[in-house]
Amino acid sequence: MYGLIIILLALLVVALYPVVRDVIRRRRAAVPSYVEGLQLLLDGRSREAEERLRDAVEADTSNIDAYVRLGDLLIERGDIERGIRLHENLALRRNMTPPDERRVFRALVRDYLRTDRKARAIAMLEELVRSDPTDFESHAHLLGLYIETGAWDKCQEMLKPLTKSGMDRGRAAALYAEFGRAYAQVNPKAAEQWLNDALRLDRNSLAARVYLGDVSMARGDVEAAIKTWTELLDHAPERNALVRARLERAYYESGRYDDITQLYERLLRRVPEDVGLALSLALIYDKKEDPAGAVRLLQRLSRGPATLPEVRAALAALLLHAGDTSGARQVLDEDHYGLQEDHWAVQTALRSAGLSLDTDHNSMIKSGHRQEL
């Protein structure tokens, strides 16, 4: 009896050997084609890459990544419907691993967004967030589409479970904040609650503080907006560029424009190398008809060999505008190399001050008019 079983097993092995051998050979043939295809993609040789990827999927139909990349290449060269069909056929497979299935769904999201098929993209994204409640990227894309299509109820249905889904609290707060920003145009009071919830999830959420201040300004509560934005500066002084323009408007509307200079002076002591903040403060001095204060500030910042060229350029512009031609030329001569090396940054800084630099003639010229307060 046992002898018969052994004989049958031996016959089975002999019968299956050619099949197994062919599978192994195909896999070995597929791997070089797939690797070559990836290398050609990196080299920008898309036509040759497409040929190699075709070889790879013919030799190994389970290579999902090769199929996805092949579909992407078809779409990139204009064969859009064919590329999408390839991805859609992949999505119908029942034997894919969860990671492969998610990769195919993400490819279809890209395809549908590219061809403005929002409803289909939403359906794919809904499946992605159902299968992985911690997938931030898919949640963010889906939220954006819900907002774009005005599906406010669906936004809330998607966001509410995030606090218990296992998603990182900071990322969940970012989604709450983005919804609050958009929803403020429809229901400011409810949006404010969502923004406060974002801060409860992550007290360091900069986006939530920025948008919460915007909501306060929109309802006319300037003091609340100022308080919220100054809290942001307390948490992250180096990110002051997010709220500088907002704070200047708020202080101006509240009749406390003088206070902004004190705030910026204090802030500049915390982030002394923040050129954008320094130039904003200098511009405020100049707007307040205190060009001497602006010059003193920039002179203080321009001392030392490590000064950035934007500061020296702005200082030279203000000196020239004040009639101090020799002082302006001296500043330019001291840092001529730096100004030439970073011409774009210099011109950006000067435009913010309503001035420009003519480097060809090594001179400062007025841009035509000063910015109004």
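Each residue of the sequence shown is one higher than the one before, starting from 1 at the first, in UniProt numbering. C-beta: ideal position from N, C-alpha, C; glycine also.
* Asked: How about Leu201 and Ala236: do their beta carbons lie closer than 8 Å?
  -> Indexing the sequence shown from 1 puts residue 201 at position 201. Indexing the sequence shown from 1 puts residue 236 at position 236. Cβ atoms of Leu201 and Ala236: not closer than 8 Å.
* Member of Leu279, Val210, Arg106 and Val186 whose CA lies at the smallest distance from the CA of Thr228 -> Looking up residue 228 in the sequence shown gives position 228. Minimum Cα distance to Thr228 is reached at Val210.
* **Start-to-end residues for the alpha helix (DSSP H) that takes in Ser302** => Here the question's residue 302 lines up with position 302 in the sequence shown. Looking at the DSSP string, the run of the alpha helix (DSSP H) that includes Ser302 is Pro291 to Ser302.
* Buried or exposed by the 16-neighbour rule on C-beta atoms within 10 Å, applied to Val331 -> As a position in the sequence shown, residue 331 is number 331, starting the count at 1. Result: buried.
* **Buried versus exposed call for Leu125 [16 or more other C-beta atoms within 10 Å across all chains shown]** => Mapped onto the sequence shown, residue 125 falls at position 125. Buried, by the Cβ-count rule.
* To do: Inspect the beta-carbon positions of Met158 and Thr134 and report whether they are closer than 8 Å.
  => Reading the sequence shown from its first residue, position 158 is the one you call residue 158. Reading the sequence shown from its first residue, position 134 is the one you call residue 134. No.
* Asked: How is the alpha helix (DSSP H) around Thr230 delimited, first residue to last?
  -> For the purposes of this step, residue 230 is taken as residue 230 along the sequence shown, with counting starting at 1. Start and end: Val222 to His235.
* Use the C-beta contact count for Ser216: other C-beta atoms within 10 angstroms, 16 or more gives buried, fewer gives exposed. => Start at 1 with the first residue of the sequence shown, and residue 216 comes out as number 216. So Ser216 counts as buried.
* Buried versus exposed, by CB contacts within 10 Å (16 or more), Ser254 -> As a working mapping, residue 254 is identified with position 254 in the sequence shown. So Ser254 ends up on the exposed side.
* Using a Cβ-Cβ cut-off of 7 Å (strictly less than) and excluding sequence neighbours within five positions of Arg246, which residues of its own chain qualify? -> Taking the first residue of the sequence shown as 1, we reach residue 246 at position 246. The answer, listed in chain order, is Gly213 and Trp229.
* From Leu199 to Glu231, what does the alpha carbon distance come to, in whole angstroms? -> Position 199 of the sequence shown, counted from the first residue, corresponds to residue 199. Position 231 of the sequence shown, counted from the first residue, corresponds to residue 231. Whole-angstrom Cα-Cα distance: 12 Å.
* To do: Count the other CB atoms, across all protein chains shown, that sit within 10 Å of the CB of Glu192; report buried if there are 16 or more and exposed otherwise.
  => The residue labelled residue 192 in the question sits at position 192 within the sequence shown. Buried, since its Cβ has 16 or more Cβ neighbours within 10 Å.
* Does the segment 73-83 come close enough to the segment 56-64 that 3 or more CB-CB pairs lie under 8 Å? -> no
* For Val186, count neighbouring Cβ atoms within 10 angstroms of its own Cβ and tell me buried if that reaches 16, exposed if not. => Counted from its first residue, the sequence shown places residue 186 at position 186. Val186 comes out exposed.
* In whole angstroms, what separates the C-alpha of Asp65 from that of Val109? -> Residue 65 sits at position 65 when you count from the first residue of the sequence shown. Residue 109 sits at position 109 when you count from the first residue of the sequence shown. Cα to Cα, Asp65 sits roughly 16 Å from Val109.
* Quick one: which unbroken beta strand (DSSP E) runs of 3-plus residues sit fully inside the segment 72-137? Chain order, please. => none
* Asked: Terminal residues of the continuous alpha helix (DSSP H) containing Gly276?
  -> The sequence position of residue 276 within the sequence shown is 276, counting from 1. Its alpha helix (DSSP H) spans residues Val275 to Lys287.
* Let me know if Gly83 comes out buried or exposed under the rule of 16 or more other beta-carbons within 10 Å of its beta-carbon. => Indexing the sequence shown from 1 puts residue 83 at position 83. It is buried - the Cβ of Gly83 has at least 16 other Cβ atoms within 10 Å.
* Please name the residue in Asp274, Lys287, Pro291 and Glu289 whose C-alpha comes closest to that of Val311. => Locating residue 311 in the sequence shown gives position 311, where the first residue counts as 1. If we check each option's Cα against that of Val311, Asp274 comes out closest.
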